[in-house]
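J.:
2 protein chains.
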Amino acid sequence: MHSHPHGEVETPVTPQRVLEVLRRDGGRITEARRAVVETLLAAGDHHVTADELAAAVQARHPEVHRATVYRTLDRLESTGIVSHTHLGHGPSTFHLTDHPHHHAVCRSCNAIVELPPGALDDVAARLHDQHGWTLAPQHFALSGLCPDCATLG
Amino acid sequence: MHSHPHGEVETPVTPQRVLEVLRRDGGRITEARRAVVETLLAAGDHHVTADELAAAVQARHPEVHRATVYRTLDRLESTGIVSHTHLGHGPSTFHLTDHPHHHAVCRSCNAIVELPPGALDDVAARLHDQHGWTLAPQHFALSGLCPDCATLG
DNA sequence: ATAATTGCAAAGTCTTTGCAGTTTG
DNA sequence: CAAACTGCAAAGACTTTGCAATTAT
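Protein chains in written order, with my numbering: chain E, 1 to 153; chain F, 1001 to 1153.
1. Please work out which residues of its chain come closer than 8 Å, Cβ to Cβ, to V13 of chain E, disregarding the five sequence neighbours upstream and downstream, and give them in chain order.
2. Which first and last residues belong to the alpha helix (DSSP H) in which V1013 of chain F is found?
3. Where does M1001 of chain F fall in DSSP's three states?
4. With H, G and I counted as helix, E and B as strand and the rest as coil, what does DSSP make of L1145 of chain F?
5. Who are the near neighbours of A1032 of chain F in its chain, counting only those whose CB is closer than 6 Å to its CB and skipping five residues on each side?
6. Buried or exposed: where does A141 of chain E fall if 16 or more other Cβ atoms within 10 Å of its Cβ makes it buried?
7. If we count the other Cβ atoms within 10 Å of its Cβ and call it buried at 16 or more, is A106 of chain E buried or exposed?
8. Check each residue of the segment 128–151 of chain E: if its Cβ is closer than 7 Å to any Cβ of chain F, include it; give the result in chain order.
9. Taking its Cβ as the centre, do 16 or more other Cβ atoms sit within 10 Å of A1119 of chain F, making it buried, or is it exposed?
10. Using a Cβ-Cβ distance cut-off of 9 Å, determine whether L76 of chain E contacts chain F.
11. Spatial neighbours of S1092 of chain F within its chain, please: C-beta separation below 8 Å, excluding the five flanking residues on both sides.
12. For A111 of chain E, which three-state DSSP category applies?
13. Assess contact between the segment 73–82 of chain E and the segment 12–30 of chain E, defined as three or more Cβ pairs (one per stretch) separated by less than 8 Å. Is contact present?
14. Considering only the beta carbon of each residue, do L127 of chain E and A1136 of chain F sit closer than 9 Å?
15. Starting from S1083 of chain F and walking both ways along the beta strand (DSSP E), at which residues does that stretch end?
16. Is there a Cβ of chain E sitting closer than 9 Å to that of G1088 of chain F, yes or no?
17. Given H1101 of chain F, which residues of its chain have a CB within under 8 Å of its CB, disregarding the five upstream and five downstream residues?
18. Please classify A1125 of chain F as buried or exposed, where buried requires at least 16 neighbouring CB atoms within 10 angstroms.
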């Protein structure tokens, strides 16, 4: 369907795979976690907030509490398979780490562009050389104006 | 004391100047606003949260309510003389727009580096050419690991 | 005068936590 | 069985809002 920017073979991420990582980390596999993971993967490339995820999970499993969703995401994040991004204002959004990318968010209409992983190499190198910093590129979003909002402004 | 990165003459920003901008925008000059502006300027290059600012203001003007500080910052921001930045987790921080710069925040210890305005030109150009986006560089922080945390990790 | 601003208290949004009961490995 | 996890309810951090009284212009 779409080619991978680096020509790597795209390894499909299944709920099973994710849960396995979780178990390997000492975690337990529960109904609630299964549901959260399935729903997260179903979101695909979409950026999901914890609350949206909770709502989607509760559509099929009404007993799963929001707190459990937050805790599951925390747990998944500590294994490194999931991470969250701050898209400016509003809640954090969660996604798998299998497909590295950066985000830019329109500060006016909240539209999102995904940028290829290399897009920040220049800044990353500077930060490292001049300040000794290691950039964690998946954790923040750039902010700006999308083409539509720029012309309207 | 310290030289400007671009060798421009540094125009000193005074409370009066800021309040004038506010008035020119149709705003009124009040005791509370005077106090907020003075305290904000006193913070210098430091990145202040609304709550920190409120606390500092209240040290001398206990009657000024936190809500007023938030509203004043909003108002100042809409004139363009102040803006806020998201430094990752936690509250936004506010600063004058007179001295453009970017931030990187350590995701482990919250240390901050300021980066010169040009540091993101490369990404900005890409965003513009490839996606039509206009980067609003003062609005976000990069996230990473500072030298100390990187070596400890 | 009149429109903007204030203080207050209350609510709103997003997230975390303590706890007692349940479930997993 | 022991440790991990859950639902719940409550609280916590940060920010916004409605309103009646005050104040700047």
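Every residue gets a Cβ at the ideal spot worked out from N, C-alpha and C, and that includes glycine.
T.: With the given structure in hand:
1. Along the first sequence, one-based indexing puts residue 13 of chain E at 13. L41, L96 and D98, listed in sequence order.
2. Mapped onto the second sequence, residue 1013 of chain F falls at position 13. That residue, V1013 of chain F, is in no alpha helix (DSSP H); it is neither H nor E in DSSP.
3. Position 1 of the second sequence, counted from the first residue, corresponds to residue 1001 of chain F. Summary for M1001 of chain F: the model assigns pLDDT 43, below 50, so the residue's position carries little reliability; its value from the coordinates is reported in the next sentence. It is coil, neither helix nor strand.
4. As a first step, residue 1145 of chain F is located in the second sequence; it is residue number 145 there, counting from the start. L1145 of chain F: strand per DSSP, three-state reduction.
5. One-based indexing of the second sequence puts residue 1032 of chain F at position 32. So the list reads V1064 and T1068, once near-sequence residues are dropped.
6. Here the question's residue 141 of chain E lines up with position 141 in the first sequence. So A141 of chain E ends up on the buried side.
7. In the first sequence, the residue the question calls residue 106 of chain E occupies position 106. The sequence shown places Cys at residue 106 of chain E, not Ala. Classification of C106 of chain E: buried, given that the 10 Å Cβ count is 16 or more.
8. Cβ contacts with chain F: H131, G132, W133, T134, L135, A136, H139, F140, A141, L142, S143, G144, L145, C146, P147 and A150.
9. Within the second sequence, the letter at position 119 stands for residue 1119 of chain F. Flag for A1119 of chain F reads buried.
10. Taking the first residue of the first sequence as position 1, residue 76 of chain E is located at position 76. L76 of chain E does not count as touching chain F.
11. As a working mapping, residue 1092 of chain F is identified with position 92 in the second sequence. Taking S1092 of chain F as the centre and dropping the five residues before and after it, the same chain places the C-beta of T1049, A1050, H1084, T1085 and H1086 closer than 8 Å to its C-beta, in chain order.
12. Your numbering for residue 111 of chain E matches position 111 in the first sequence. Residue state, collapsed to three classes: coil.
13. yes
14. Position 127 of the first sequence holds residue 127 of chain E. Position 136 of the second sequence holds residue 1136 of chain F. No. Outside cutoff.
15. As a position in the second sequence, residue 1083 of chain F is number 83, starting the count at 1. Taken as a continuous stretch (DSSP letters only), the beta strand (DSSP E) holding S1083 of chain F covers V1082 to T1085.
16. The residue given as residue 1088 of chain F occupies position 88 in the second sequence. At least one chain E Cβ lies under 9 Å of G1088 of chain F.
17. Walking along the second sequence from the start, residue 1101 of chain F turns up at place 101. So the list reads E1114, L1115, P1116, P1117 and Q1138, once near-sequence residues are dropped.
18. Here residue 1125 of chain F corresponds to residue number 125 of the second sequence, with the count starting at 1. For A1125 of chain F, the number of other beta carbons within 10 angstroms of its own is below 16, and it is reported as exposed.
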